[in-house]
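Visitor:
Numbering (this note's numbering), first residue to last: 1 to 228.
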């Protein structure tokens, strides 16, 4: 094997140096996200880049090298948690049960997720509330980045509705209205409930399902689709 072939193999082929470097970088990035998660679980919206770097045993410039800036780290954490939540919501939608039960399971899955890790939820959706306290650094710009999370969830739910439920004429547009509307309802109701706890989770689930149920109960499944 000549020198050119050796370089190409090391740079791009399986087992080469390039692949090993990518794997090392990905592993390091995952470790840093896990350290960030620990800080967020402890500090919630007050989590800072300084605290995350200290938890990971590195300096802030190294943290910036992996994520670019605070926004990059926030987006990476948001994707990590949103991916997990969407996976759980899909599992609830795919569970073998009657439609009403699956609707309730899906609502409960979302509420259970924010109830189980309220500090993570507040970090992703709320800026630090103690604005009078001295801050060693500017906080995460939560408002700028949280809206895309809700839009992503709305689009994902719209796709599920469009492929499963027969909504008649203009079905695709109506599915998007429903998808974003349901996510907005879950977010607003869940945010209020998590802060005030005016009722049990089961009571909130039943009430939200009642609100959704009229038109959804009347809609048929799409022919040949997985059902809803």
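Backbone N, C-alpha and C fix where the C-beta goes; we use that ideal spot for every residue, glycine too.
1. So residue 219 and residue 167 are supposed to be a Cβ contact under 8 Å. How far apart are they, rounded?
2. How should residue 197 be labelled, buried or exposed, when 16 other C-beta atoms within 10 angstroms of its C-beta is the threshold for buried?
3. Residue 182 and residue 214: beta carbons closer than 9 Å?
4. Could you spell out where the alpha helix (DSSP H) holding residue 58 opens and where it closes?
5. Whole angstroms are fine: how far does the CA of residue 109 sit from the CA of residue 88?
6. With a threshold of 16 other CB atoms inside 10 Å of the CB of residue 46, please say whether the residue is buried or exposed.
7. Hey, how far is the Cα of residue 132 from the Cα of residue 31?
8. Touching or not, the region 35 to 42 and the region 51 to 63, by the rule of three or more beta carbon pairs under 8 Å?
9. Rounding to the nearest angstrom, what Cα-Cα distance links residue 175 and residue 156 in this structure?
10. May I ask you to report which of helix, strand or coil DSSP gives residue 221?
11. Whose C-alpha, out of 62, 107, 102, 149, is nearest the C-alpha of residue 125?
12. Give me whichever residues DSSP pairs with residue 165 in a beta bridge.
13. The alpha helix (DSSP H) spanning residue 179 covers which residue range?
14. Between which residues of its own chain and residue 206 is the CB-CB distance below 6 Å, once the five residues before and five after are set aside?
15. Among the residues of its own chain, which have a CB less than 6 Å from the CB of residue 152, if the five just before and after it don't count?
16. Would you mind sorting residue 25 into buried or exposed? The rule is 16 or more other CB atoms within 10 Å of its CB.
17. Among the residues of its own chain, which have a CB less than 8 Å from the CB of residue 173, if the five just before and after it don't count?
18. Whole angstroms are fine: how far does the CA of residue 70 sit from the CA of residue 114?
19. Within the same chain, show all residues whose beta-carbon is closer than 7 Å to that of residue 187, passing over the 5 residues directly before and after it, in chain order.
20. Identify the continuous alpha helix (DSSP H) that holds residue 119 and give its terminal residues.
21. With residue 66 and residue 105 assumed to form a contact (beta carbons below 8 Å), what rounded beta-carbon distance in angstroms separates them?
22. Quick check on DSSP: helix, strand or coil for residue 87?
23. Is residue 96 helix, strand or coil when you go by DSSP?
Guide: Per the coordinate set shown:
1. Position 219 of the chain shown holds residue 219. Position 167 of the chain shown holds residue 167. Their Cβ separation, rounded to whole angstroms, is 6 Å, which keeps residue 219 and residue 167 in contact under 8 Å.
2. Within the chain shown, residue 197 is the residue found at index 197, counting from 1. Exposed, since its Cβ has fewer than 16 Cβ neighbours within 10 Å.
3. Stepping through the chain shown from its first residue, residue 182 is reached at position 182. Stepping through the chain shown from its first residue, residue 214 is reached at position 214. Against a cut-off of 9 Å, the Cβ pair of residue 214 and residue 182 comes out as no contact.
4. Translated into the one-based positions of the chain shown, residue 58 becomes position 58. Premise fails: residue 58 is in no alpha helix (DSSP H) and is neither H nor E.
5. Position 88 of the chain shown, counting from 1, holds the residue named residue 88. Position 109 of the chain shown, counting from 1, holds the residue named residue 109. Those two C-alpha atoms are separated by around 7 Å.
6. The residue you call residue 46 lines up with position 46 of the chain shown. Under this definition residue 46 is a buried residue.
7. As a working mapping, residue 132 is identified with position 132 in the chain shown. As a working mapping, residue 31 is identified with position 31 in the chain shown. Since pLDDT at residue 132 reaches only 48, below the 50 mark, its modelled position is unreliable, and no value is offered.
8. yes
9. In the chain shown, residue 175 corresponds to position 175, counting from 1. In the chain shown, residue 156 corresponds to position 156, counting from 1. Going from the Cα of residue 175 to the Cα of residue 156 covers about 10 Å.
10. For the purposes of this step, residue 221 is taken as residue 221 along the chain shown, with counting starting at 1. Looking at residue 221 - three-state DSSP - the assignment turns out to be strand.
11. On the chain shown, position 125 is the one that residue 125 refers to. Residue 125 has its Cα closest to that of 149, out of 62, 107, 102, 149.
12. Looking up residue 165 in the chain shown gives position 165. Its beta-bridge partners are 221.
13. Within the chain shown, residue 179 is the residue found at index 179, counting from 1. Note, residue 179: alpha helix (DSSP H), 171 to 196.
14. On the chain shown, position 206 is the one that residue 206 refers to. Result list for residue 206: empty, nothing under 6 Å.
15. The residue given as residue 152 occupies position 152 in the chain shown. For residue 152, where only same-chain residues beyond five positions count, there are no Cβ hits under 6 Å.
16. In the chain shown, counting from the first residue as 1, residue 25 sits at position 25. By the 10 Å Cβ count, residue 25 comes out exposed.
17. Within the chain shown, numbered from 1, the residue matching residue 173 stands at position 173. Excluding sequence neighbours, residue 173 sits near nothing in its chain.
18. Position 114 of the chain shown holds residue 114. Position 70 of the chain shown holds residue 70. Rounded to whole angstroms, residue 114 to residue 70 spans 23 Å at the Cα level.
19. Reading the chain shown from its first residue, position 187 is the one you call residue 187. Result list for residue 187: 150, in chain order.
20. Stepping through the chain shown from its first residue, residue 119 is reached at position 119. Per DSSP, residue 119 belongs to the alpha helix (DSSP H) from 118 to 125.
21. Here the question's residue 66 lines up with position 66 in the chain shown. Here the question's residue 105 lines up with position 105 in the chain shown. With a Cβ gap of about 37 Å, residue 66 and residue 105 do not count as contacting.
22. For the purposes of this step, residue 87 is taken as residue 87 along the chain shown, with counting starting at 1. In the structure shown, residue 87 sits in a helix (DSSP, three-state: H, G or I).
23. Counting from one through the chain shown, the residue named residue 96 turns up at place 96. Coil at residue 96, not helix or strand.
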